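Trainee: Protein chains in written order, with the working numbering: chain L, 1 to 603; chain C, 604 to 923; chain P, 924 to 1105.
For every residue, glycine included, the Cβ atom is placed at its ideal position computed from N, Cα and C.
Note that the structure is a prediction, hence the values are computed from the model and not measured.
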Amino acid sequence: MQSDTLTRKQPLPTKTYALAARAFLAEIRRNANDAWYQLQDCADGFPTLWTTPGNVIALLRYLKHKIPHPFAMLYDLTAIDERLRINDYGRPQGTQKPDFTVVYQLLSVERDLFIRIKVPLTENALSLPSATALWPNANWYEREVWDLFGIAFDGHPHLRRIMMPHTWKGHPLRKDHHARATEVDPFTLSDEKQDREQEALRFRPEEWGMADHGEDSDYMFLNLGPNHPSVHGVFRVALQLDGEQIIDSVPDIGYHHRGAEKMAERQAWHSYMPYTDRIDYLGGVMNNLPYVLALEQLAGIKVPPRAQTIRVMMAELFRISSHLVFYGTFAQDVGQMSPVFYMFIDREKLFGIVEAITGGRMHPAWFRIGGVAQDLPEGWDRMVREFLDYMPARLAEYEGMVLKNKLLQKRTRGIGVYNTAEALDWGITGPGLRATGLDWDLRKRRPYSGYEQFEFDVPTANGGDCFDRCVVRVEEIRQSLRIIEQCLNNMPSGPYKSDHPLTTPPAKERTMEDIETLIQHFVNNSWGPVMPVGESCFPIEATKGLNSYHIVSDGGTTSYRTRIRTPSFPHLQMIPHISNGLMVADLIAIIASIDFVMADVDR
Amino acid sequence: MEAVTEPSVLATLLNIGGILLAAVIFAALLTWGERRLLGFWQDRPGPNRVGPFGLLQVVADMIKLFFKEDFVPKFADIPVFILAPTIVMIAMLMGFAVLPIAPGIGVIDLNIGLLFFLAMSSMAVYSVILGGYASNNKYALLGGLRAAAQTVSYEVFMGISLMGVVMMAGTFNLREIVLAQEGGWYIVPQFFGFLVFLVAGIAESHRLPFDLPEAEHELTAGFHTEYSGMKFGMFFVGEYLSVILISGLITTLFLGGWLGPWLPPLAWFLIKTFVLVVFFVLLRAAIPRPRYDQLMDFGWKVMLPVSLINLLATAAILIS
Amino acid sequence: MELFYFYLAGTVAILATAMVITRLNAVHALLYLIVSLLAVACLFFQLGAPFAAALEVIVYAGAIMVLMVFVIMMLNQGDAAVQQESAWLNPKLWAGPGILCGILLLQLALVVLLGGGGSSEGFAPKAVPTKEVGIALFGPYLIAVELASMVLLAGLVGAFHLARPATRKHTDSATGKERNNG
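#1: Enumerated in chain order, which unbroken segments of the alpha helix (DSSP H) with a length of 4 residues or greater are wholly contained in the stretch 637–680 of chain C?
#2: On the three-pair Cβ rule with 8 Å, is the stretch 133–143 of chain L touching the stretch 153–171 of chain L?
#3: According to DSSP, is Y612(L) helix, strand or coil?
#4: Can you check DSSP and say which residues form a bridge with N547(L)?
#5: Grab me the residues of R563(L)'s own chain with a C-beta within less than 6 Å of its C-beta, minus the 5 sequence neighbours each way, in chain order.
#6: Just reading off the beta strand (DSSP E) that N223(L) is part of, what are its end residues?
#7: Please decide whether P229(L) counts as near chain C, where near means a Cβ-Cβ distance under 8 Å.
#8: Between E637(C) and chain L, is there a C-beta pair that is closer than 8 Å?
#9: Between L960(P) and A984(P), which are expected to be in contact by the criterion C-beta below 8 Å, what is the C-beta distance as a whole number of angstroms?
#10: Does L921(C) get closer than 8 Å to chain P when you measure Cβ to Cβ?
#11: What's the gap between the Cα of N124(L) and the Cα of D280(L)?
#12: Closer than 8 Å, CB to CB, is M583(L) near chain C or not?
#13: Please list the residues of the stretch 333–354 of chain L that have a C-beta atom closer than 8 Å to any C-beta atom in chain C, keeping them in chain order.
#14: Rounded to the nearest angstrom, what separates F674(C) and L658(C) at their Cα positions?
#15: What are the partner residues of R236(L), as DSSP defines its beta bridges?
#16: Secondary structure at I708(C), three-state DSSP: helix, strand or coil?
#17: Have a look at the DSSP bridge pairing and note the partners of S108(L).
#18: Can you list, in chain order, the residues of its chain whose CB lies under 8 Å from that of L324(L), leaving out five sequence neighbours each side?
#19: For F149(L), which residues from the same chain have a beta carbon less than 7 Å from its beta carbon, with the 5 sequence-adjacent residues on both sides left out?
#20: If you measure from the beta carbon of N405(L) to each beta carbon in chain C, is any gap under 8 Å?
#21: Roughly how many angstroms separate the alpha carbons of V759(C) and A356(L), rounded to a whole number?
#22: Determine the burial state of R180(L): buried for a count of at least 16 other Cβ atoms within 10 Å of its Cβ, exposed for fewer.
#23: Under 8 Å, with one C-beta from each stretch per pair, do the stretch 515–535 of chain L and the stretch 56–67 of chain L reach the 3-pair mark?
#24: Am I right that L438(L) and T460(L) are in contact with their C-beta atoms under 8 Å? What's the rounded C-beta distance?
#25: With a threshold of 8 Å between beta carbons, is Y830(C) in contact with chain P?
#26: Would you kindly check if the distance between the Cβ of P392(L) and the Cβ of L481(L) is under 8 Å?
#27: Specify the secondary structure class of S738(C) as computed by DSSP and reduced to three states.
#28: Establish whether the CB of Y895(C) and some CB of chain L are separated by less than 8 Å.
#29: Below 8 Å, how does it come out for the stretch 887–897 of chain C and the stretch 393–411 of chain L: are there three or more Cβ pairs, yes or no?
#30: Taking 8 Å as the threshold (C-beta atoms), are F596(L) and S568(L) in contact?
#31: Could you tell me which of G352(L), G370(L), W366(L) sits nearest to V384(L), measuring between CA atoms?
#32: Starting from P606(L), trace the beta strand (DSSP E) in both directions and tell me its first and last residue.
#33: With 8 Å as the limit, tell me which residues of the stretch 738–769 of chain C have their beta carbon closer than that to any beta carbon of chain P; keep them in chain order.
#34: Would you mind working out which of M164(L), S249(L), H228(L), H270(L) sits nearest G556(L), comparing C-alpha positions?
#35: Under a three-way DSSP split, which group does V533(L) fall into?
#36: Pull up the DSSP beta-bridge partners for V523(L), would you.
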């Protein structure tokens, strides 16, 4: 019965979002001068405006401040090296082919709409005015673009490399930069080079924008990380301390940078899937979802309801798993030793289910373009049911142990506070945004993969402090259990994979019937599918906030450019804003409450 | 003269040696016991591979610590760096000297036994402070500073909280304090003193709710960040020694020491002390760590008034 | 035997004190001062004043010296301070105070030798139990005790006033020192 309703109500969110995008384009055409920009009609529901370096700041300011229901958040900022692109997709007519484009993506939480702004640049004038005055989180994004593409931002307060070492030569995401070590001469490390590299690592406060003494005291500089028990990976914060009070803090990232975006340009569409698993390595298949959704949107693949429901169920299982790790380490970072052990036991049970279904545990890489890798195994429902019966009692126990603990409340209440406006300014999404009282969840606002058919609440809190961020996540575990229960009770029947030709790997059944399907099967399995020319981006509500893969296809078997927008990147950038003036122990609580993994930051 | 004292010297030596050896052995065993207990409470096995129930884990750890490179950083203040871990061991072992374990068992029967204990516990602070200073490491320095502030503050309440017991017993002699409890344990009339002493004792031995000097989540390992090998081992065992010493002292002062029916006195003392040690471990498993300024606030704004009021009330009742 | 212990502790105290004034590193000097205090505590103990001995350790060695070490740690003295110290060990600088101290020492020695000090009467003439100390303090010396407590109270208020940060967010009396030296 449920499967019937599902087929009837077969949602086409993509289409709805494209309509919303068109409506917005019509509105902006009516109200604003189009000397600023030109419009491009995009397939992915992101209205796209093209503008020039001279107009970009005015346009951004207009969109942020002057229109009703403004675009308050800088969702993403990146660039594309256009020099080797064969197909001119989407460029407004009459414009010259650019060498690079800088792409701004904005989000309006009031319109539930994302918007993309593109600025073409030529190789001999690679600079743009900085948007840091409009959005504080533009700071790191612009540094990243400078580091990886060599595009300068005028007026940026601190334009230094952010991912690569400061001694790095070249800009890695340019098409002329090598992707593999085998493409260049063997690596050597002479003594002089080693000395030079060592010297480059020396800490000089003024390079980080910090003074070494104040009015009446010398400051102490403490290098917290990159190797420290509670920075959750290789993350470094340079602290300027007066006693134990933090005067200033400067987060430093890039120690976990593996060039996932560059790798995407070398991997077939399908074979890139396992790399996505390792972006937010606690999120498992949740990482596959934005990638496959973007590709399916690009290729126009309709995913069967059973596959969608399986995806939702698996994604929610991983949301619980990720939140459990957060919950345990949060308690541990304020000094409570035991909860993390109990929560890892629950997580182990979850991994048991994941293993039974996918064969993998942390990184199953199990979603496929057009569906999932296999159908659900026999007995999956019993395992999931057992977990659903088991988990609520455990959560109640943890609530008494952690959330109701007075000492923990004293450590985390009123610490690391920001309000909704600040959160939007800094690009905070996910539970960190909802903890400020805004009930904005992408699964409700722009449902995907069939989320519109599930009943669940969007938990919020009002304080915007460390404690509230934890409370929101704990409640999200309960809501995820509700969603999983609905998946379990109403799992549709039918295929677990689309029969669209670009589904990868293609269905085997019909291969032996005629030569065409056999060839197609062979080609799609060996080279991988050829995606149509276009651009596609599909944000999802991942475990830690909004995650999306902005995919540029030039009509080949690999991606031309894959941009991974992760939630943790802007979240870390906010640390100085919320921790200056507090004590070192508070910083640890703040870091714990942000819930990041460094792979999700550095990619 | 000498001939008469000869056997008693031997007996004394045996007594002293036995008690100190037992203390060190129990402390070493506690490194295993704590991990097993934590494992039990945290739904995991804990060390259970070496020997029966993993008991030989202690030996394995000792061997490891002895053969590990005993690294002394070049930038350290080397003499102080080497001196620091020994202080805690010596101070704590000296503290055991005044502990009356059972009638006839105990190293020395000092008239100022309680003061001697306080003196030794205040000496033990140097271990942490100097360790923090000599490492010449910022995390260690912060740990040392926290230790200095925390221990000096909590020593105040520790001393005041004991004065109620001293008033009731009328002596500083620990053995006489135990005997004075034949009519009833002091935990009842001196309940607040007991609470304050318990909390201050945890703070003095810097165990988990009050382990700010090492606070691994903030200061990596605090004062012993740079220590390795047997020097680290001494800090480690010193901490367990202080746990046992504080437990033994609470037993003596508030729980009637060796007093108890049916069982031999020694058994009673050991049982009571053991229960307290287990309580210390349970605390570590259960409670998060307060922030440094919260700890100080708690000390000066809660512990100090409570211990002073307890002192005044006790004095008033005794005089009336 | 008692005489031996007395001279042993005395020798330790004198040697340690000598080390205090000759060390270049302030922390090392403080450590010797602590040893010296402990040795003096031993002397007190042997002379029959166990209470004074315990207080010497608890208060002087255990609390005041901890705070001194604390402050010196905060000052973060490096090699520069050691060099400065060694410059100060120039005879020109210490000759004056040295001579004056020598005169005092001479006077003390004369008093002890000529006045026929208590040494001939043997050690520990009479042990002073804690109770007697208490009775003495709250009997004949009551006014002194009260005056001392007034001075301490004044000191406490003064310290709080001085250490209280003018604009800082966190205040706590115990860490005032640290914050100021920050």
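Mentor: On the basis of the data shown:
#1: 660–670
#2: yes
#3: In the structure displayed, chain L extends from 1 to 603; residue 612(L) sits before or after that span and is not available.
#4: I540(L)
#5: Cβ neighbours of R563(L) beyond the five flanking positions: T78, H550.
#6: 220–224
#7: yes
#8: No - not a single Cβ of chain L is within 8 Å of the one on E637(C).
#9: The Cβ separation is near 5 Å, so the contact holds.
#10: Judged by the 8 Å Cβ criterion, L921(C) is not in contact with chain P.
#11: 37 Å
#12: Yes, M583(L) counts as interfacial toward chain C.
#13: D333, V334, G335, Q336, M337, S338, F341, Y342, I345
#14: Going by the C-alpha atoms only, they are around 28 Å apart.
#15: Paired residues: D252(L).
#16: strand
#17: According to DSSP, S108(L) bridges with L113(L).
#18: Correct list, in chain order: M343, F344, D346, R347, L350, I477.
#19: A79, D81, F100, H171, L173, R174
#20: yes
#21: 59 Å
#22: exposed
#23: no
#24: 7 Å
#25: no
#26: yes
#27: coil
#28: yes
#29: Result yes; three or more Cβ-Cβ pairs closer than 8 Å.
#30: Contact: yes.
#31: G352(L)
#32: The requested residue 606(L) does not occur in the structure, where chain L is confined to residues 1 to 603.
#33: L744, G747, L748, A751, A752, T754, V755, S756, E758, G762
#34: H270(L)
#35: coil
#36: Bridge partners of V523(L): none, in fact.
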